[in-house]
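Asker: Questions regarding the structure given below will be posed in turn.
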Amino acid sequence: MGRIGMGFDIHRLVEGRPLWLGGIQVPHGKGLLGHSDADILLHALCDALLGAAGAGDIGSYFPDTDPKWKGASSRIFVEKAMELVRKDGWIISNADLTVIAEEPKLAPHRGEIVRSIAGILGVPESSVNLKARTMEKLGPIGAGEAMSAYAVVLLEKK
Ligand code: MG
10 MGRIGMGFDI
20 HRLVEGRPLW
30 LGGIQVPHGK
40 GLLGHSDADI
50 LLHALCDALL
60 GAAGAGDIGS
70 YFPDTDPKWK
80 GASSRIFVEK
90 AMELVRKDGW
100 IISNADLTVI
110 AEEPKLAPHR
120 GEIVRSIAGI
130 LGVPESSVNL
140 KARTMEKLGP
150 IGAGEAMSAY
160 AVVLLEKK
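For the sequence shown, position 90 matches number 99 in this note's numbering, and the numbering has no gaps at all.
Next up, the structure:
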């Protein structure tokens, strides 16, 4: 039997920050505001992994009040979640990810982001799917003031 987990994240998009998505820097005039590198895709993925493992959420391991995680690479968070997943004997069947952003266009970066995430998870690229969509100019995401991400992960026993 498998176990499913889902994760969601949203961060403000501001001037003067690099844009980290899935562990890579995507060229854009703005970046996501946060205590860590604010990589929404890795945060959503981390919560999906923890959810599937029945292990709580990202905030219980990496509180944004802890100076230790200031400017941290979110790769560390996903690696910690993977440690918990593997300890319980689970492997990833697949991860399905969605980024919602008005800009920038992610299609040119999709391959690199998928490779990066597959590398962090230690799974083949075919186990990671990345979708990108806009908010049709609606709301704060549509106005380019924020970006969000959803992640769904299925775990199975070896
Ligand atoms: Mg976050």
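For every residue, glycine included, the Cβ atom is placed at its ideal position computed from N, Cα and C.
Out of curiosity, what's the CA-to-CA distance linking glutamate 121 and glycine 16?
Answerer: Roughly 21 Å between the two C-alpha positions.
Asker: Round the Cβ separation of leucine 51 and arginine 21 to the nearest angstrom and send it over; I've been treating them as touching at under 8 Å.
Answerer: Actually they are not in contact, since the Cβ atoms of leucine 51 and arginine 21 sit about 17 Å apart, beyond 8 Å.
Asker: What is the rounded straight-line gap between the Cα of valine 35 and the Cα of alanine 64?
Answerer: Roughly 30 Å between the two C-alpha positions.
Asker: Ignore the nearest five residues each way along the sequence and tell me which others in threonine 107's own chain have a CB closer than 6 Å to its CB.
Answerer: Excluding residues within five positions, the ones whose Cβ falls inside 6 Å are Lys140, Tyr159.
Asker: Taking any heavy atom of the ligand MG as the mark, which residues have a C-beta closer than 5 Å to it, listed down the chain?
Answerer: This selection yields Asp18, His52.
Asker: Could you tell me the boundaries of the alpha helix (DSSP H) in which methionine 91 lies?
Answerer: Run containing methionine 91: 84–96, per the alpha helix (DSSP H) assignment.
Asker: In the DSSP assignment, the beta strand (DSSP E) including leucine 115 goes from what residue to what residue?
Answerer: Element bounds for leucine 115: n/a, residue is neither H nor E.
Asker: So, at 6 Å on beta carbons, what are the nonlocal neighbours of glutamate 24 in its own chain, with the 5 sequence-adjacent residues on each side left out?
Answerer: Once the five neighbours on either side are set aside, the close Cβ partners of glutamate 24 are Lys39.
Asker: For alanine 116 and aspartate 66, I'd like the C-alpha separation in whole angstroms.
Answerer: If you take the alpha carbons of alanine 116 and aspartate 66, they lie about 29 Å apart.
Asker: Just list the alpha helix (DSSP H) runs in the region 126–160, keeping only unbroken ones of 4 residues or longer that don't cross its boundaries, in chain order.
Answerer: For the region 126–160, whole alpha helix (DSSP H) runs of length 4 or above, ordered along the chain, are 148–151.
Asker: If you draw a straight line from the C-alpha of valine 171 to the C-alpha of aspartate 105, how long is it?
Answerer: Nothing can be reported for residue 171: it is not among the residues displayed for the chain, which extend from 10 to 167.
Asker: Secondary structure at glycine 60, three-state DSSP: helix, strand or coil?
Answerer: If DSSP states are grouped into helix, strand and coil, glycine 60 belongs with the helices.
Asker: What are the boundary residues of the alpha helix (DSSP H) that glycine 68 is part of?
Answerer: Run containing glycine 68: 67–70, per the alpha helix (DSSP H) assignment.
Asker: Check this for me: beta carbons of histidine 44 and aspartate 73, under 8 Å apart or not?
Answerer: Yes, these two residues count as a Cβ contact at 8 Å.
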